[in-house]
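Take a look at the structure below.
In the working numbering, the protein residues as written are 1 to 330.
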């Protein structure tokens, strides 16, 4: 028993050490988003946002001052709280570093300066949420319907057709990019959200495979019992199989939502209007608009990443169960 605990502890320690390179960029991003521009440009960087405070020592009293420059004769040029400029010996100035979180960087993301009034982060957030939610709903509904047909409806050629569907996963998405764009342009959907939403309502081979494997693991007796009560195939799908496939639905929903949330190429191709931008496009423009303002840029990146972290944190158990379904025999 003791040996097993030691092995478990050693494995956890290895995993913890291995996670450091993955967590370090996120830690740096979060830390930088709470710094001033000056601290963000320091080398080597400081992980904890700090602020240097200077005090002038006079007869045992401390007066807060601002350090301007240091001279070659061990004197410091300071400015007092009253606005008076003085040159004092260096030993009369005491400096302290204190933790200082600059949350105003996040405020600047939502309330851009006069030079960047066209940046509307709340609207970009709503656009991205709308696309991501509708994409997740469409993938779950359409993929589960396809899976129900392959798992429960027996028809000629279902096996080869299922194999063809799986084979489509090996086709790179870049191959169909130009034909897809031409179709959407012919339909008049350019500069709308439809090219980013409608394909999700046509199903996904991988998600249909996950649903099909789960449906195959549900005993047929459940269907027979529902048929005795007069249920149609569609009612069996909606009231019996789909509620039991909650782990798969969570997995499909999370992956679809995050895929749409982080999508950059699709919005870049199909969206032209500024007010229809998504967060990924906005972040790219933030980089050009706030390139010198690294803390504001990191604050925007952190805000975009937080929903993904929250979703993974609260759904990790269902995700694990849903991804393990692929091992069920079909």
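The C-beta atom is built at its ideal place from N, Cα and C for all residues, glycine as well.
Simplified DSSP assignment, three categories, for residue i
{"i": "residue 58", "result": "strand"}
{"i": "residue 5", "result": "helix"}
{"i": "residue 329", "result": "Low confidence applies to residue 329: its pLDDT is 45, below 50, so where it sits in the model is not reliable, and the reading given next is rough at best. Of the three classes helix, strand and coil, the one that applies to residue 329 here is coil, per DSSP."}
{"i": "residue 285", "result": "helix"}
{"i": "residue 80", "result": "strand"}
{"i": "residue 35", "result": "coil"}
{"i": "residue 185", "result": "helix"}
{"i": "residue 302", "result": "helix"}
{"i": "residue 64", "result": "strand"}
{"i": "residue 317", "result": "helix"}
{"i": "residue 69", "result": "strand"}
{"i": "residue 278", "result": "coil"}
Where the beta strand (DSSP E) containing residue i begins and where it ends
{"i": "residue 88", "result": "85-89"}
Neighbourhood of residue i by C-beta, 6 Å cutoff - its chain only, sequence neighbours within 5 removed
{"i": "residue 110", "result": "121"}
{"i": "residue 97", "result": "50, 52"}
Endpoints, the alpha helix (DSSP H) within which residue i is located
{"i": "residue 223", "result": "220-228"}
{"i": "residue 246", "result": "246-262"}
{"i": "residue 269", "result": "265-270"}
{"i": "residue 210", "result": "205-217"}
{"i": "residue 196", "result": "194-197"}
{"i": "residue 236", "result": "233-236"}
Cβ neighbours of residue i in the same chain (closer than 8 Å, five flanking residues each side left out)
{"i": "residue 237", "result": "144, 145, 148, 152"}
{"i": "residue 32", "result": "40, 45, 294, 295, 298"}
{"i": "residue 203", "result": "139, 142, 143, 145, 146"}
{"i": "residue 47", "result": "27, 28, 31"}
Per DSSP, the bridge partner or partners of residue i
{"i": "residue 42", "result": "None; residue 42 has no bridge partner."}
Closer than 7 Å: residue i CB and nearest the ligand GDP heavy atom
{"i": "residue 216", "result": "No copy of the ligand GDP appears in this structure; indeed no ligand is present at all."}
Contact with chain D by residue i, beta-carbon distance below 8 Å
{"i": "residue 277", "result": "Looking for chain D here will not work: only one protein chain is present."}
Beta-carbon contacts of residue i that lie in its chain and below 7 Å, excluding the five residues immediately before and after
{"i": "residue 287", "result": "297"}
Checklist entry - What residue ranges within the stretch 109-159 form continuous alpha helix (DSSP H) runs of no fewer than 4 residues, ordered along the chain? => result When DSSP assignments are scanned along the stretch 109-159, the uninterrupted stretches of alpha helix (DSSP H) that are 4 or more residues long and fall wholly within it turn out to be 121-152.
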